[in-house]
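Just remember that the numbering used here sits 1 ahead of the position in the sequence shown, which is counted from 1.
C-beta atoms are modelled at their ideal positions from N, C-alpha and C, and glycine is treated no differently.
The structure displayed is predicted, hence computed values, not measured ones.
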Amino acid sequence: MTLFDLAFPLATPFWALMILLPEWRWTPRIMASPWVPLVPLACYFALVVPHFGEWGRAMLRPDLGVLQTLLATPWGAGLVWAHLIAFDLFIARWMYFEGRSTGISPWIVSPILVLTIFLSPFGLVVFLVVRAVRIRSLA
């Protein structure tokens, strides 16, 4: 198993808690840790450290051709994948707690989190719309 293959399985238990067991008493306790997104980021760090100079140069002077070349490598694709997994989890964690604090039913938030796993920008937009409607209904 490569680090690319490992990034999502490391995040899966947290997704499962938020989606399948949102009201279990341990879910908010576990998800409250700010360290949750660091679990899949371990793959990111393991991939970026050996290529830090090369990646750093590409980030300091972004160039489409250079990025295409780096992302076409196994470490580059794994690096971006781990980054996406970690930040999608970070966004989902915020949505989970924001949904709870604004009184959005877990029956609504959970499918949005599933959407977020696959298409995080769409999931975030859907959540923001639902959140805005909920906040407006409370006013």
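Checklist entry - What alpha helix (DSSP H) runs, 4 residues minimum, are completely inside the segment 36-111? => result 39-49, 53-61, 65-72 and 75-102
Checklist entry - Expressed to the nearest angstrom, what Euclidean distance is found between the alpha-carbon atoms of LEU48 and GLY79? => result Counted from its first residue, the sequence shown places residue 48 at position 47. Counted from its first residue, the sequence shown places residue 79 at position 78. In a straight line, the C-alpha of LEU48 is about 7 angstroms away from that of GLY79.
Next on the checklist: Taking 8 angstroms as the limit between beta carbons, can you name the residues of its chain near TYR45, skipping five residues before and five after?
Outcome noted: In the sequence shown, the residue the question calls residue 45 occupies position 44. Take TYR45, set aside five residues on each side of it, and the residues of its chain with a beta-carbon closer than 8 angstroms to its own are ALA8, LEU80, ALA83, HIS84 and ALA87, in chain order.
Checklist entry - Excluding sequence positions up to five away, which residues of its chain have a Cβ less than 6 angstroms from the Cβ of GLY124? => result One-based indexing of the sequence shown puts residue 124 at position 123. The residues are ILE113, LEU116 and THR117.
Checklist entry - What residues in its chain sit with their C-beta under 7 angstroms from that of ILE109, if we drop five residues either side in the sequence? => result Position 108 of the sequence shown, counted from the first residue, corresponds to residue 109. Result list for ILE109: VAL131, in chain order.
Checklist entry - What's the gap between the Cα of GLN69 and the Cα of THR3? => result Your numbering for residue 69 matches position 68 in the sequence shown. Your numbering for residue 3 matches position 2 in the sequence shown. If I take the Cα positions, the gap works out to 21 angstroms.
Checklist entry - On the three-state DSSP scale, how would you describe THR3? => result By 1-based counting over the sequence shown, the position of residue 3 is 2. For THR3, the three-state secondary structure derived from DSSP is coil.
Next on the checklist: According to DSSP, simplified to helix, strand and coil, what is TRP25?
Outcome noted: Residue numbering aside, residue 25 sits at position 24 when the sequence shown is read from its first letter. TRP25 falls in the coil class under three-state DSSP.
Checklist entry - What's the C-alpha gap between ARG101 and PRO23? => result One-based indexing of the sequence shown puts residue 101 at position 100. One-based indexing of the sequence shown puts residue 23 at position 22. Their backbone Cα atoms lie some 9 angstroms apart in a straight line.
Next on the checklist: The alpha helix (DSSP H) that contains LEU125, what's its start and end?
Outcome noted: The sequence position of residue 125 within the sequence shown is 124, counting from 1. 121-139 is the span of the alpha helix (DSSP H), which, as asked, contains LEU125.
Checklist entry - Are there 16 or more other CB atoms within 10 angstroms of the CB of VAL37, so buried, or fewer, so exposed? => result Looking up residue 37 in the sequence shown gives position 36. Buried is the call here.
Checklist entry - Straight-line CA distance for PRO107 to HIS52? => result Locating residue 107 in the sequence shown gives position 106, counting from the first residue. Locating residue 52 in the sequence shown gives position 51, counting from the first residue. The alpha-carbon atoms of PRO107 and HIS52 are separated by roughly 41 angstroms.
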